[in-house]
Each structure stands twice: as C-alpha cells, then as structure tokens.
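K.L.:
The structure follows.
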Amino acid sequence: MNKTIFVITFLFFSNFILAQSVNDLDVKNGFRHLKLGSSPSQIKNIVKTENQFSKNPNVVEYDYVGSDIDNVFNVKVDKVSLSFFKNKLFNISVTFGNLEYSKDFEVYEFNSIFSALEKTYGTDWFRPQNNDGIILNGAIWDGKNIRLELFRLDFNKSKSNPQDYGFISGYINVFDKKLTNEMFSSDF
1 MNKTIFVITF
11 LFFSNFILAQ
21 SVNDLDVKNG
31 FRHLKLGSSP
41 SQIKNIVKTE
51 NQFSKNPNVV
61 EYDYVGSDID
71 NVFNVKVDKV
81 SLSFFKNKLF
91 NISVTFGNLE
101 YSKDFEVYEF
111 NSIFSALEKT
121 YGTDWFRPQN
131 NDGIILNGAI
141 WDGKNIRLEL
151 FRLDFNKSKS
161 NPQDYGFISG
171 YINVFDKKLT
181 NEMFSSDF
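According to the numbering used here, the sequence shown is numbered sequentially starting from 1.
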C-alpha cells in the first residue's frame, strides 16, 4: 500500500516538475543568450541596420552577425534582427527562408520548430488571425510579459496586396509586451 501511494505521489508531482508552460517565456526573457531589456552595448556581434523598418526616432535596429545562431531546432536561420526602444532590447526576430537563394521555409521545418516550442512552452498556444490570408501556419505563446510568435508566410496569398516574391518565408518573433506597448504609444 505504501509503495502504491509513493508511486502515485511521485507520478503526480513529476508531472508538475516536468510540465512546461508559457510562464517559462517570462523566465527565459529572450532567445538563447539575447535577453530582452538589454542595451546594445551588452550584446556582442551586432551591426546597426542601414535601412530601418521603424521610423520611430526612439527605435534602433541591429542585425546579429555572430556565428552561433545559424540554426534553430535544426532549421537554417536566414537572419537575426534586434530592435531597441530607448536603448532597451524589446524585439528579437529570427527569420527563415531566403529570397536571394530561392530557399523556402518548408512546412516540415515549421513543424520541427513548432514541435520543439510546444515541448518547451506547452500546448497553451493559439492561432493568429489571418484576415489577409498570408499566414500559412502560425502559433502564438503569450506569457504575462513575453510573447513568442512562430509564423510561416506566403505574401502571394495576400487578399489586399499580393506580392510576387516567389518564396515562402517565416519567423520567430520574441518580444517584451510592455516595451512594445511603450514603443507604439510613443508614436502618438
């Protein structure tokens, strides 16, 4: 009887210990060694981007040029971009697929990353809205402070403005929700 109670208790608590959840996003607070809230001077191997996407004067974008992030869960990384708001890292974007080499981000690559993220952050994710039709596959893990998005996109499928890029791309986006909100609020 005591052995049975011990085994049941062990199994019950091991599920809690081994369980992963979106709360782990907040604990991780970034991607690999890149931590949200860091300043550019705290991160090695970054180069300021010449043509910034954001026109907000408080946002500065960098490309990560280190050689240690060349794949994610065995999927080749095209580029790692870092966005800073008022000198604090608020967004990490890891892109897959390459237009120049006509290298699509394949569905099996998406599934490989998705499966690994689901094992890491759990099954409490949701599908993104796809009003324009460009999202082929997508999942969002939404922690209290940090959000992680995994998307696979085909801009040829846009309902409002189809772009004939001729390839399928994708990305992982990890961002600090508070800093992102502050950044958007500063535009007004």
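Beta carbons are placed, not taken as given, at the ideal position from N, Cα and C, and that holds for glycine.
As the structure is a prediction and not an experimental result, all values here were calculated from the model.
1) Report yes or no: do the region 109-120 and the region 72-84 share at least 3 C-beta pairs separated by less than 8 Å?
2) Any idea if TYR101 is buried or exposed, counting beta-carbon neighbours within 10 angstroms, 16 or more meaning buried?
3) For SER160, which option in PRO40, ASN130 and PHE84 has the closest C-alpha, if you only look at C-alpha atoms?
4) Considering ILE140, what are the terminal residues of the beta strand (DSSP E) in which it resides?
5) Check this for me: beta carbons of GLU150 and PHE114, under 8 Å apart or not?
6) Could you check where the beta strand (DSSP E) with THR95 kicks off and where it finishes?
7) Can you tell me whether ASN173 is helix, strand or coil according to DSSP?
8) Answer with buried or exposed for SER39, where buried requires no fewer than 16 other C-beta atoms within 10 angstroms of its C-beta.
9) Should the region 167-176 be regarded as contacting the region 140-156, the criterion being three or more beta carbon pairs within less than 8 Å?
10) Specify, as a first and last residue, the run of the beta strand (DSSP E) that VAL59 falls within.
11) I need the DSSP call for ASN56, collapsed to helix, strand or coil.
12) At the level of alpha carbons, what is the spacing between ILE168 and GLU61?
13) For PHE151, report the span of its beta strand (DSSP E) as first-last.
14) Go through the region 105-132 residue by residue and report every complete run of the alpha helix (DSSP H) that reaches 4 residues or more, in order.
15) With DSSP run on the structure shown, which of helix, strand or coil describes PHE31?
16) Note down, in chain order, each residue of its chain lying with its Cβ closer than 7 Å to the Cβ of TYR171, except the 5 sequence neighbours on either side.
17) I need the boundaries of the beta strand (DSSP E) containing LYS79, first residue and last residue.
P.N.:
A quick look at the data gives this:
1) Because the criterion of three Cβ pairs below 8 Å is met, the region 109-120 and the region 72-84 touch.
2) Burial call: exposed.
3) The candidate whose alpha carbon is nearest that of SER160 is ASN130.
4) ILE140 -> beta strand (DSSP E) spans 135-142.
5) Checking the sequence shown, residue 150 turns out to be Leu, not Glu. Yes; because the gap between Cβ atoms is below 8 Å, this pair is in contact.
6) Secondary structure note for THR95: its beta strand (DSSP E) is the uninterrupted segment 88-96.
7) Annotated three-state conformation of ASN173 is strand, per DSSP.
8) With fewer than 16 other Cβ atoms within 10 Å, it is exposed.
9) Because the criterion of three Cβ pairs below 8 Å is met, the region 167-176 and the region 140-156 touch.
10) Unbroken beta strand (DSSP E) run through VAL59: 59-64.
11) If DSSP states are grouped into helix, strand and coil, ASN56 belongs with coil.
12) Pairing ILE168 with GLU61, the inter-Cα distance amounts to about 24 Å.
13) Where PHE151 is concerned, the enclosing beta strand (DSSP E) starts and stops at 146-153.
14) Inside the region 105-132, DSSP marks whole alpha helix (DSSP H) runs of 4 or more residues at positions 107-121, from first to last along the chain.
15) Note: PHE31 maps to strand in three-state DSSP.
16) SER93, VAL94, THR95, PHE96 and PHE151, listed in sequence order.
17) 79-85 is the extent of the beta strand (DSSP E) around LYS79.
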